[in-house]
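Below is one structure, written out as structure tokens; the observations come after it.
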Amino acid sequence: MGTAIRKNAVLPLAALLFAIPAAATVIDPSLVETRLLTGFSPQVTGMAWAPDGSNRLFVIDKTGLVILVQMGVDANGALNATRLATPFTTLLREDGGPLYQQVECGLVGIVFDPSFATNGFVYFRATVSPTEQQILRFRDAGGVGVDRTVILAGLPARDSHLSGGMAFDHDGKLRFAIGDLGFGTRVGTFRPSGDVQAELSTLASKSSRINRDGTIPKDNPFFDGPGPNADAIYARGFRNPFRMAVQPSTGLVWQIVTGAKWEQVFILRPGVNAGWDTLENDEDGQPGLITPVIAYLTNAGTPGHVRPITAASRAAGIATFTTAAAHQFRRGARLTIAGVSDASFNGTAYLKSVVSTTQFTVASEGGDASATGGAAIALTIGGAITDGAFVQGTLFPEDWQGNFVFVDLNSGNVVRAILDETNEPTRVDLAANVQAGAVGVNIGPDGALYVLNIFLGNLDRYSPPAARAPRLVVDRTPLRVEDGGSAVLSVRLARAPVGNVTVGTSISGAPEATVTAGSTLTFTPANWQLPQPIAVAAARDPDADDSTATLTLSAEGLSPLTVPVLVRDVDIQALTVSASSLDLVAGGAVGSFDVRLARAPAADTTVTVARTSGSDRISIASGVTLTFTPANFGTPQRVTVVAIAGGDAQPSTAVLTVSSADAQSRTVNVVASAALPTEPPLRPLSPISGGSGGCSSGPAASLWAVLALLALRSRRGHVRGS
Ligand SMILES: [Ca+2]
Ligand SMILES: [Ca+2]
Ligand SMILES: [Ca+2]
11 MGTAIRKNAV LPLAALLFAI PAAATVIDPS LVETRLLTGF SPQVTGMAWA
61 PDGSNRLFVI DKTGLVILVQ MGVDANGALN ATRLATPFTT LLREDGGPLY
111 QQVECGLVGI VFDPSFATNG FVYFRATVSP TEQQILRFRD AGGVGVDRTV
161 ILAGLPARDS HLSGGMAFDH DGKLRFAIGD LGFGTRVGTF RPSGDVQAEL
211 STLASKSSRI NRDGTIPKDN PFFDGPGPNA DAIYARGFRN PFRMAVQPST
261 GLVWQIVTGA KWEQVFILRP GVNAGWDTLE NDEDGQPGLI TPVIAYLTNA
311 GTPGHVRPIT AASRAAGIAT FTTAAAHQFR RGARLTIAGV SDASFNGTAY
361 LKSVVSTTQF TVASEGGDAS ATGGAAIALT IGGAITDGAF VQGTLFPEDW
411 QGNFVFVDLN SGNVVRAILD ETNEPTRVDL AANVQAGAVG VNIGPDGALY
461 VLNIFLGNLD RYSPPAARAP RLVVDRTPLR VEDGGSAVLS VRLARAPVGN
511 VTVGTSISGA PEATVTAGST LTFTPANWQL PQPIAVAAAR DPDADDSTAT
561 LTLSAEGLSP LTVPVLVRDV DIQALTVSAS SLDLVAGGAV GSFDVRLARA
611 PAADTTVTVA RTSGSDRISI ASGVTLTFTP ANFGTPQRVT VVAIAGGDAQ
661 PSTAVLTVSS ADAQSRTVNV VASAALPTEP PLRPLSPISG GSGGCSSGPA
711 ASLWAVLALL ALRSRRGHVR GS
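Residue numbers for the sequence shown follow the numbering used here, so the first one is 11 and each next one is one higher.
Take a look at the structure:
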């Protein structure tokens, strides 16, 4: 059997401990289960739904095989899934040989580009030798992976704890994590009194952040360029940070860590340290280390995660318990309180707040009271957390939306964490069980939860029961689009319609965002379950600002549905130009416009202005080269333009281009109309140090203006005299 995770070794033990049911089981009464597909090899390590409206699931296999599964509907309108005969690719080494596949190695990670619907890019994590893993990119050409490109090579690997998860955050950065490489090597781990510099020199036991072309963002917390740090490091101190999930509402990365004693989920912020290899689950409350948002004891068995209670008190319906040792319970944990001297404290409750390492509260019915003794016992969940996903879209009822759902390999448990507005769980409890082997959990284009089992080769679907009232269902809200790219919203109906239903979509708000496909969709009594795509494209605009739009979906007889569209600007710098056109009089005064940078640059930045097309009678009098510093980037600098008169009465035109590194260039269209038909009254010329035409131009500009005016008069004289 393929061993994707080292803890497979404890599987027989786990099977005894968890009394695993004979088939997948629904535990949460608000779920309905469908076994969608069976027969995968016992080597499938992960999956991801293509975000392009194609209803395709990509399933990765340790061997390098990337399997395509097509969602469809049968003759009765029921959803089904078909494994396609042609794989997307079989990922090989550079030299054409097979991947290195020992223990946890091989093809272990997949993520789609945020603009996959436009560029077709999909990224993989693969082990190419006993000591190296790589991030590779392919392009989807009609279901076949082409343009194999190594994005990042030389990532550390050994046979285990090399992890595999990847994600794109809301800034469009590619996130990935690598474990301590196992077998007691504990490479790159945290040592409280040790060599921190050495620890930061490797990506092992770290969660990392790179640009999607493999370059490294300079704002990473340990970036030191040519210095000894591995510049991609974002967070550290992880044993086997197997997968990660980006929270849609916050953009925060939730790092899932398969542990030695504790299974943990951390919320990442720049530079945080989770404490491995010394500590897990905040074992001694050491300052400077982060506490997991979710933690459960690895293979807790019997008696499990138990903490004797020394004191209990209840006031205003809240019970506070004190434990002799650090309780290590986290918010939302399901606790059984038993044996307290006052039995009114006993029962099952979800942890409400962590007061200190040795105190916690739960909601408790009854009058104010105090008692002693007893114990708190946490729910036994499993022994190897492997994946997590946030519930998105509108298929699930409100109390499910935004939930974090994770799976455990050893137990096969599918666990639901309900979060509150502080982003912390209020209840973490079992939702379903797929038997040992749960290795992936995803939200599909239909809005349902999908769970992949590596040992049994099954794909299971979990959804709420059929809706009582007809309504529109989307797979995500908001829809995130990158400018210059596109994204797809998948839409379907919540229950079978009596007749055909036509859904119309309009968009308002950001002018650069347009609906490019699916503005009118028809659902029939036969295909109402099958998602159909609405594609939104955002033209790349010259500013560097994010913008928002609103999609409105409507259908006769159904409540309209609005979905916010968030357009993420990909430009890191923008040029702000005060005018896009300039009218001059040939031979007249100079004209001008102002230029500034929209954002503070990291270093002094040069902006150049040049005539890129049009008449050479139009020229830049001043401001050909402008220098902006991080301090004065927002202060406008002036560009002056002058036109000399031509030999005829036709206007001259030119295009001036304003350009700078990191910003899209801007253009200014200049039209110089012919000199006035009647000669202006002659007046004494200003000295060259003076201004011209009310324009606060510098001496050089004035000189140009004077010369131009002289040229005009000279020509007029010539014409008259001929
Ligand atoms: Ca460095
Ligand atoms: Ca832009
Ligand atoms: Ca923009």
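The beta carbon of each residue, even a glycine, is placed where N, CA and C say it ideally should be.
My assumption, with CB atoms under 8 Å, is that residue i sits in contact with residue j. Please give the rounded CB distance.
| i | j | result |
| --- | --- | --- |
| A545 | S496 | 6 Å |
| V513 | L531 | 5 Å |
| Q445 | A34 | 7 Å |
| D352 | A379 | 6 Å |
| E9 | R246 | This structure leaves residue 9 out entirely; the chain is present only between 11 and 732. |
| L162 | I188 | Actually they do not touch by this definition, with Cβ atoms about 11 Å apart. |
| I37 | L440 | 5 Å |
| A653 | I628 | 5 Å |
| T558 | G494 | Wrong, their Cβ atoms sit about 17 Å apart, outside the cutoff. |
| R486 | G403 | 5 Å |
Is the separation between the beta-carbon of residue i and that of residue j shorter than 8 Å?
| i | j | result |
| --- | --- | --- |
| T371 | T330 | yes |
| V160 | Q144 | yes |
| T663 | G624 | yes |
| F406 | G457 | yes |
| E43 | Y360 | no |
| V350 | A322 | yes |
| T100 | F252 | no |
| P552 | Q674 | yes |
| V484 | A399 | no |
| A91 | M81 | yes |
| P744 | I70 | There is no way to answer for residue 744, as the model of the chain reaches only from 11 to 732. |
| V501 | Q542 | yes |
| L213 | A242 | yes |
| W184 | R222 | Here the sequence assigns Leu to residue 184, which means Trp is not the residue at that position. Taking 8 Å as the Cβ cut-off, L184 and R222 qualify as a contacting pair. |
| T333 | T358 | no |
| R149 | V138 | no |
| F186 | V132 | no |
| V498 | G107 | no |
| V275 | F416 | yes |
Under 7 Å from any heavy atom of ligand 1, does the C-beta of residue i make it?
| i | result |
| --- | --- |
| D234 | yes |
| D241 | yes |
| G224 | no |
| P231 | no |
| G237 | yes |
DSSP beta-bridge partners for residue i?
| i | result |
| --- | --- |
| L307 | W272 |
| D604 | R648 |
| Y472 | E43, L459 |
| D439 | R426 |
| V508 | For V508, which the question treats as bridged, DSSP gives no partner whatsoever. |
| E142 | S139, P166 |
| K216 | I188, R246 |
| R502 | V483 |
| V69 | M57, I77 |
| S366 | Q369 |
| S632 | T650 |
| W264 | A255, I277 |
| Q583 | A673 |
Considering only heavy atoms of ligand 2, does any lie closer than 7 Å to the CB of residue i?
| i | result |
| --- | --- |
| R550 | yes |
| V546 | no |
| D581 | yes |
Should residue i be counted as a contact of ligand 3 given a C-beta to heavy atom distance under 7 Å?
| i | result |
| --- | --- |
| D555 | yes |
| D493 | yes |
Does the pairing of the segment 656-673 with the segment 576-585 give three or more beta-carbon distances under 8 Å? The segment 656-673, when compared against the segment 576-585, does touch it at the 8 Å Cβ threshold.
Pairing CB atoms from the segment 50-63 with CB atoms from the segment 463-474, are three or more of them under 8 Å? By the Cβ test, the segment 50-63 is in contact with the segment 463-474, since at least three Cβ pairs between them sit closer than 8 Å.
Counting Cβ pairs, one atom from each stretch, are 3 or more of them under 8 Å apart for the segment 297-308 and the segment 381-395? By the criterion of at least three beta-carbon pairs nearer than 8 Å, the segment 297-308 is in contact with the segment 381-395.
At least 3 beta-carbon pairs within less than 8 Å: the segment 257-266 vs the segment 227-234: Taking a cut-off of 8 Å for Cβ pairs, the segment 257-266 and the segment 227-234 do not touch, as fewer than three such pairs fall below it.
contact_flag[the segment 674-685, the segment 592-599] where n(CB pairs < 8 Å) is 3 or more: Three or more pairs of CB atoms, one per stretch, sit closer than 8 Å, so the segment 674-685 contacts the segment 592-599.
Three or more C-beta pairs closer than 8 Å, one from the segment 418-432 and one from the segment 474-481: is that the case here? Touching, no, given that fewer than three Cβ pairs across the two stretches are closer than 8 Å.
Three or more C-beta pairs closer than 8 Å, one from the segment 600-619 and one from the segment 637-652: is that the case here? Three or more Cβ pairs closer than 8 Å define a contact, and the segment 600-619 meets that threshold against the segment 637-652.
Could you check whether the segment 78-98 touches the segment 111-121, counting it as contact only if at least three pairs of C-beta atoms, one from each stretch, sit closer than 8 Å? No: fewer than three Cβ pairs fall under 8 Å.
Using 8 Å as the Cβ pair cut-off and three pairs as the minimum, do the segment 569-578 and the segment 600-612 touch? Touching, no, given that fewer than three Cβ pairs across the two stretches are closer than 8 Å.
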